[in-house]
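Input: a single structure, listed below in structure tokens.
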Amino acid sequence: MARIIIIGASTGGLSAAYELLREIGKAHEITVVSLAPEFHFVPSNPWVAIGWRKRSETSFSLRERLEKKGARFFSTGASAIDAEKNTVTTGSGEALTYDYLVIATGPKLSFDEVPGLGPDGHTASICTVEHAEAAYARYEEFCKDPGPVIIGAAQGASCLGPAYEFACILDVDLRKRRLRKKCPITFVTNEPYIGHMGLAGIGDSKALMEHELRQRHISWRTSATIRRVERGKMIVHTNEAGEEEMPFKYSMIIPAFKGVDAVASVPGLVNPRGFVLVDEHQRSKKYPNVYAVGVCVAIPPVEPTPVPVGVPKTGYMIESMVAATVRNIKDEINGLKPSATPTLNAVCLADLGDTGVAFAAKPQIPPRNLTWAKKGAWVRLAKIVFEKYYIRKMKRGNVEPFYEKMILGALKIKKIE
Ligand SMILES: Cc1cc2nc3c(=O)[nH]c(=O)nc-3n(C[C@H](O)[C@H](O)[C@H](O)COP(=O)(O)OP(=O)(O)OC[C@H]3O[C@@H](n4cnc5c(N)ncnc54)[C@H](O)[C@@H]3O)c2cc1C
0 MARIIIIGAS TGGLSAAYEL LREIGKAHEI TVVSLAPEFH FVPSNPWVAI GWRKRSETSF
60 SLRERLEKKG ARFFSTGASA IDAEKNTVTT GSGEALTYDY LVIATGPKLS FDEVPGLGPD
120 GHTASICTVE HAEAAYARYE EFCKDPGPVI IGAAQGASCL GPAYEFACIL DVDLRKRRLR
180 KKCPITFVTN EPYIGHMGLA GIGDSKALME HELRQRHISW RTSATIRRVE RGKMIVHTNE
240 AGEEEMPFKY SMIIPAFKGV DAVASVPGLV NPRGFVLVDE HQRSKKYPNV YAVGVCVAIP
300 PVEPTPVPVG VPKTGYMIES MVAATVRNIK DEINGLKPSA TPTLNAVCLA DLGDTGVAFA
360 AKPQIPPRNL TWAKKGAWVR LAKIVFEKYY IRKMKRGNVE PFYEKMILGA LKIKKIE
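Numbering that gives the first Met the number 0 puts the sequence shown at residues 0 to 416.
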């Protein structure tokens, strides 16, 4: 009997757990070590942060679902990994031994790289549901005394799509509240141009997203470095304008990501930023019985940029990492060599509050066979339908390729429209 431990139970970890349970669960021991007792659907965070969703609508508890399917569940997190001895220590001190380990711990949010950045400083965040809830509380306070707004992403950030989503959603919500006139919005980004998205653009995303921001009277700074944030002002450097002191009353900035401490501290497992170095089969280059999926995986930038920009790791891509990992672990247990590789294509739906934009890049790094971006209300509708569908299916432990379905579903909605 093989013992498999999965650390992290979100988009990557929970899908991996369900898929492993279905593929090999009966004969082998599957253990999930999560930092939280709940699953939360991360793509809903921009909506939580504006008050369009409640946390209870986008979250559910994990224990009974996983235990019913035969997995062991720990909700105290992994505090240490000893990859030489094949053990994981949980936050409550249990030492668990594995034959195969799947790391799906997502990012550590690197607010500390910019003084004053983040929920403990002067800017809101939508990266976790707790942050999104706090961002909403801040937003309600701001609406009582509105003023300038700064939305964007810090140097080194890779998760750019949600920053655009949030800027546009905020624009729509402020219009609904009849406050938009009092709130000039500036989009501050590390990207070399609007619509770069960490992927050197997708289709005509530059023109499309510039047009979108222009239509909404959202001005922008690109290749921006946020030097520091103080109460009510952000000090931003760009080559064109030099150092600017930008006033704000509300700000949401996506930080750069790193690997979480328990993973980053394992010798030889990670790159200098703590992301797991994997081969084409999602296996650690140093420890062949350790796999990694999701945001915790090291993927180099698609191109050099004046200010560092990371590669986004989106749901569709994560799903393909999970599928390859599960196939390979199953093969290894059956005495075969791992052969499955992820597709790593980028496909994403962004909600802009009153419309949406769909992106598809295949492969991720240009020159591509497919590079496509399209705007329309059908994208927004598809994303709302998908959210409900995804949460319902994840509650049930269904392991269909959700993101693939989402894209096909979106295209169907487009046809109907
Ligand atoms: C606001 C936002 C919106 C997004 N929207 C989209 C979208 O619309 N479409 C899309 O395709 N992608 C989107 N993404 C990108 C991506 O799909 C998500 O970030 C996705 O949730 C990443 O999944 P993950 O499992 O790799 O990491 P995460 O979702 O971050 O999950 C990691 C999990 O590991 C846990 N963990 C951390 N440390 C430990 C530890 N030591 N022990 C145990 N557990 C630990 C964390 O608590 C967390 O639950 C979005 C990202 C963000 C931040």
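Backbone N, C-alpha and C fix where the C-beta goes; we use that ideal spot for every residue, glycine too.
- With respect to the C-alpha of Ile80, the residue from Leu268, Ile225, Lys284 and Ala166 having the closest C-alpha is Leu268.
- His210 and Ala134 have their C-alpha atoms spaced approximately 27 Å apart.
- Here Thr224 really is in contact with His236; their C-beta atoms are around 5 Å apart, less than 8 Å.
- In terms of CA proximity to Ala8, Ser58 leads the group Arg2, Gly24, Ser58 and Asn44.
- At a cut-off of 6 Å, the beta-carbon of Gly293 counts as near ligand 1: some heavy atom of the ligand is closer than that.
- Relative to ligand 1, the nearest heavy atom lies less than 6 Å away from the CB of Thr104.
- One alpha carbon belongs to Leu212, the other to Pro36, and they sit about 38 Å apart.
- With contact defined as three or more Cβ pairs closer than 8 Å, the region 299 to 306 and the region 174 to 194 are in contact.
- Within the same chain, and ignoring the five residues on either side of Tyr286 in sequence, the residues whose Cβ sits closer than 6 Å to its Cβ are Ala82.
- The region 243 to 258 and the region 195 to 202 do not touch, with fewer than three beta-carbon pairs separated by less than 8 Å.
- A buried status is given to Ser157, since no fewer than 16 other beta-carbon atoms sit within 10 Å of its beta-carbon.
- If you look at Lys374, you'll find it in the beta strand (DSSP E) that goes Leu369 to Lys374.
- Around the C-beta of Asn44, 16 or more other C-beta atoms lie within 10 Å, and the residue is accordingly described as buried.
- In the three-state reduction of the DSSP assignment, His210 falls in the helix class, which pools H, G and I.
- Bridge pairing for Phe73: Val32 [DSSP].
- For Gly155, there is no enclosing beta strand (DSSP E), as DSSP marks it with neither H nor E.
- In summary, Gln214 is exposed, with fewer than 16 beta-carbon neighbours lying within 10 Å of its beta-carbon over all protein chains present.
- Annotation for Asp260: the continuous alpha helix (DSSP H) segment containing it runs Asp260 to Ala263.
- In this structure Gly146 is not in contact with Lys180, their Cβ atoms being roughly 11 Å apart against a cut-off of 8 Å.
- Under the three-state reduction of DSSP output, Glu331 falls in the helix class.
- The Cβ atoms of Arg21 and Val321 do not sit closer than 7 Å to each other.
- By the neighbour-count criterion, in which 16 or more other beta carbons inside 10 Å mark a residue as buried, Glu93 falls on the exposed side.
- In the structure shown, the three-state DSSP call for Glu37 is strand.
- Per DSSP, Cys142 is one residue of the alpha helix (DSSP H) stretching across Val128 to Lys143.
- When distances are taken from the beta-carbon of Thr313 to the heavy atoms of ligand 1, the shortest one is below 6 Å.
- Measuring C-alpha to C-alpha distances from Thr354 to each of Ser33, Asn270, Lys374 and Arg326 identifies Lys374 as the nearest.
- Around the beta carbon of Met0, a 10 Å sphere encloses fewer than 16 other beta carbons of the protein chains shown; the residue is thus reported as exposed.
- Scanning the region 263 to 309 from its first residue to its last, the whole beta strand (DSSP E) runs of 3-plus residues come out as 289 to 291.
- Straight across, the Cα-Cα distance linking Phe186 with Gly202 is about 21 Å.
- Between Lys248 and Phe141, the C-beta gap is smaller than 7 Å, which places the two residues in contact.
- Annotated three-state conformation of Ala323 is helix, per DSSP.
- The closest heavy atom of ligand 1 lies less than 6 Å from the beta carbon of Val259.
- Look at Val41: its beta carbon is less than 6 Å from one of the heavy atoms in ligand 1.
- Shown here, Ile390 sits in a helix according to DSSP, grouped into three states.
- The beta carbon of Gly50 sits no closer than 6 Å to any heavy atom of ligand 1.
- For Tyr249, no alpha helix (DSSP H) encloses it; the enclosing beta strand (DSSP E) starts and ends at Tyr249 to Ile253.
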